[in-house]
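What follows is one structure encoded as structure tokens, with my remarks underneath.
Number of protein chains: 4
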Amino acid sequence: MRVKDEKKRERLFDAAVKVFSRYGVEGSSIARIAREAGLSPATIYVYFASKDEMFEGLVLELGRRMSAAMLDGVEEAMAVREALERTWYNLVRYIVGEFEQYLLFELHRETRFFDPESYGRGRAYYTGLFELFRRGRADGSLAPELSDYALRAHLFAPAVRLAKHVVGGQLTLEEARLPDAFARCWRSVAP
Amino acid sequence: MRVKDEKKRERLFDAAVKVFSRYGVEGSSIARIAREAGLSPATIYVYFASKDEMFEGLVLELGRRMSAAMLDGVEEAMAVREALERTWYNLVRYIVGEFEQYLLFELHRETRFFDPESYGRGRAYYTGLFELFRRGRADGSLAPELSDYALRAHLFAPAVRLAKHVVGGQLTLEEARLPDAFARCWRSVAP
Amino acid sequence: MRVKDEKKRERLFDAAVKVFSRYGVEGSSIARIAREAGLSPATIYVYFASKDEMFEGLVLELGRRMSAAMLDGVEEAMAVREALERTWYNLVRYIVGEFEQYLLFELHRETRFFDPESYGRGRAYYTGLFELFRRGRADGSLAPELSDYALRAHLFAPAVRLAKHVVGGQLTLEEARLPDAFARCWRSVAP
Amino acid sequence: MRVKDEKKRERLFDAAVKVFSRYGVEGSSIARIAREAGLSPATIYVYFASKDEMFEGLVLELGRRMSAAMLDGVEEAMAVREALERTWYNLVRYIVGEFEQYLLFELHRETRFFDPESYGRGRAYYTGLFELFRRGRADGSLAPELSDYALRAHLFAPAVRLAKHVVGGQLTLEEARLPDAFARCWRSVAP
DNA sequence: TATGAATGAGCCTTCATTCAT
DNA sequence: AATGAATGAAGGCTCATTCAT
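The listed protein sequences derive, respectively, from chains A, B, C and D. So the first sequence is numbered by this note's numbering: it starts at 130 and just counts up by one. So the second sequence is numbered by this note's numbering: it starts at 130 and just counts up by one. So the third sequence is numbered by this note's numbering: it starts at 130 and just counts up by one. So the fourth sequence is numbered by this note's numbering: it starts at 130 and just counts up by one.
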């Protein structure tokens, strides 16, 4: 019984990500998601109270996944630069590998830009990252005058854009030459 | 016969940008846009053949505007760095000043990421910029191994993100300290 | 001025018959009729008060035309059989030659079957025919016990159906062998 | 789960026939049919994929019914004339008894006159009848030179028209004097 | 007179959600 | 728990008609 439920929930999750990211939230009908998951539309309401709640739950989960993906392999003992370089590569690979999920997540963030509650919840995903920033500022490897937001902008915004170009086919991963690209970003946040 | 009211067209444009950028394309109803513009829903169809065509027309116009805004004040005689710095500030100011328009434009680009025709049309907006890149590589002020896409990513992606944080209230324009921020971006694309 | 008006009215008439008979009354938009006639939709309202009135006017005119076509070449002096034979052929040729008009007329009659006022108006088209029936009953060439309706049914209903089959391509005019076909109908109304 | 209510389907069928036959296909709105059936408009789409499909489905069923009604009580052993006389009466009674259904069926046939596919499908309803024609030609009771279409025109077209006049109130069933009327039709197809 | 602009009303259809089994 | 049936609300769009020139 329990196993079956979990499987269904997972199937539902995957189907929702797939459909939402393909057609947008408003463009995706519960019926389509249900069909994709091999369920009846009514069954979805056993697991989620509403379409919006499903979407919110999805995004929450996506945030967790992305956050975890970025910090994968990062250890306490690493130097700040080494750790950030690792998250940088992780992010690029996550976007390239799970583009649908990433786009869905980003779409959500852009859409709710002005909603402070949602924004605050979003911050949680970056605590690990921000901790690295704190350490970097403390040990002199990062410019102390740059805020978390500024650091993230300088370090990671180019990564996101490069990754998107890889997905869009305008660049290949080799052309992106990750270490050099990271080095350039790093240069822009040095003290 | 009654004559087409130019004011009406403009009201419609503004209303559509506002509503589309707030709720997304699928999430925006013709009725809502009409209400926002103070028109009857049917009247919209005097100006646009369909909702999709309206959206496409809007985005085309927005692209023109953004492109023009970025190149405002840029002269042939300027040094590459000076010119790019100007476009950089222009972009930040455009995003901050016309955030709805920018968001709508970006929404379109993200959504049609994989549509090559749409992508090609999008490139047209950046020819002025890419010409500057060419000159910069030629005169040694830009790293010659960086492609147009890479240059844009390193130089402008942080600008976009910083501007968004200003709009979102996480940063003020002063905190963003534009010249320093630009200098950091510039550093990341130096040879 | 006058000439121009008449031409427009005629163009409008022809366009309306064409469009109505092709798409049905409800399926035909004023805009389409206007386009077909090379006019603006608004101009139609100079000539007709409403779509329904236009349709009614059309049907009236069509009734007149069909009535005149049926009686074409019929003379007072003719024997009843000769006269009816003539109207019989005339009817077949009218349906085959002006099928669109005929269908439109018939459609109207079927649709308003229960409307007595409309039905009464329709009777007017047949006064010439019914006069022939009266003479035929009087001179013994037609069965006196058959009412106008019955006579029309036995004599003309087969003609209509045969004509339709010619139009539909299931019969050619030769196969229909008009004189024999009429003779058979005639046989069925003999005393 | 809730189970499909067979009563509902029937109510829908009757309502659709009623409304379609009164206002035509284009003139009938889904909302009106739903109201007539005591359902929500959306419920109609549980039973039919679209308005057009509903109409086609209806007509198919109507054709089956009319066909069955005409051949009711006809036996292999009957003489051709006896069998045809029976179908003749059956047809008149069907039209008088189920006028709405008949009108709708006819409406469809007239409207799709030129569509061969639809026409072919329509022929299926008459195979039983045409088989009687074949036998009649073979045993010398019907004029051998008359095609199926011609026979049907001479025999049945008057029946249809008489029945319509009964429905319209211009004739009563007695006035129509069925046996005499049939005898007249029969006379017109004799060899 | 003639007409493009404008619109209220309505249409077909979809959809998120609830119901009943 | 699971689901097909049912539906109120809404959506995009069309259209007959009127307006204003």
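Every residue, glycine too, gets a C-beta built ideally from N, C-alpha and C.
DSSP places L271(A) outside any alpha helix (DSSP H), giving it a letter other than H or E.
For Y254(C), none of the residues of chain D pass the 7 Å Cβ criterion, the least Cβ distance being about 15 Å. Within the same chain, R140, L141 and A144 come within 6 Å of A166(B) by CB-CB distance, once the 5 residues on both sides are set aside. Distances from the CA of F234(C) to each of G186(C), V318(C), G156(C) and T301(C) were compared; the closest alpha carbon is that of G186(C). The residue from G269(D), F259(D) and H294(D) with its alpha-carbon nearest to that of D277(D) is F259(D).
Comparing alpha-carbon positions, the option among E182(B), A319(B) and S169(B) lying closest to H237(B) turns out to be E182(B). By alpha-carbon distance to M199(B), the top candidate from V289(B), R161(B), I159(B) and G265(B) is V289(B).
The Cβ of Q230(C) sits no closer than 7 Å to any Cβ of chain D.
For the 7 Å CB-CB criterion, P287(A) and C314(A) form a contact. Closer than 7 Å to the CB of Y223(D) there is not a single CB belonging to chain C. Inclusion of F149(B) and W217(B) in the CB contact set at 7 Å is not warranted, their separation being larger than that value. For V203(B), the secondary structure class from DSSP, reduced to helix, strand or coil, is coil. For M195(C), the number of other beta carbons within 10 angstroms of its own is at least 16, and it is reported as buried. Counting along the chain, R306(D) sits inside no alpha helix (DSSP H), nor does DSSP assign it H or E at all.
Judged by DSSP secondary structure, A319(A) falls outside any alpha helix (DSSP H); it is assigned neither H nor E.
Below the 7 Å Cβ cutoff, chain B contributes G153 as neighbours of T240(A), in chain order. Looking at L307(D), E204(D) and H283(D), the one whose alpha-carbon comes closest to that of A305(C) is H283(D).
The alpha-carbon of R210(C) is positioned some 20 Å away from that of L291(C).
Around G269(D), no beta-carbon contact reaches into chain C at under 7 Å, the shortest distance being about 17 Å.
For S158(B), not one C-beta of chain A is nearer than 7 Å to its own C-beta. Short of 7 Å from the beta carbon of G269(D), and not among the five residues preceding or following it, lie these beta carbons of its own chain, in chain order: P320. Around the beta carbon of Y254(B), 16 or more other beta carbons lie within 10 angstroms, which makes this residue buried. Residue burial is scored here from C-beta neighbours: K293(C) has at least 16 other C-beta atoms within 10 angstroms and is therefore classed as buried. Comparing alpha carbon positions, the residue from S179(B), E155(B) and K137(B) closest to R164(B) is K137(B).
When secondary structure is reduced to three states using DSSP, E155(C) falls in the coil class, being assigned neither helix nor strand. Counting the other CB atoms within 10 Å of its CB gives Y174(A) a total below 16, which places it among the exposed residues.
Straight across, the Cα-Cα distance linking R151(A) with I162(A) is about 11 Å.
In the three-state scheme derived from DSSP, where H, G and I count as helix and E and B as strand, S150(D) is classed as helix. Any Cβ of chain B closer than 7 Å to the Cβ of Y174(A) would place that residue at the interface, and such an atom is absent. Taking the Cβ atoms as the reference, L232(D) lies roughly 7 Å from E239(C), within the contact range of under 8 Å.
Note on V188(C): 16 or more other CB atoms within 10 angstroms of its CB, so buried under the neighbour-count rule. In this chain, the alpha helix (DSSP H) harbouring L233(B) covers F228 to T240. At least one CB of chain C lies nearer than 7 Å to the CB of A282(D). Membership of R131(D) in any alpha helix (DSSP H) is not indicated, and neither H nor E is assigned to it by DSSP. Across the structure, G202(C) and F285(C) are spaced so that their CA atoms are roughly 18 Å apart.
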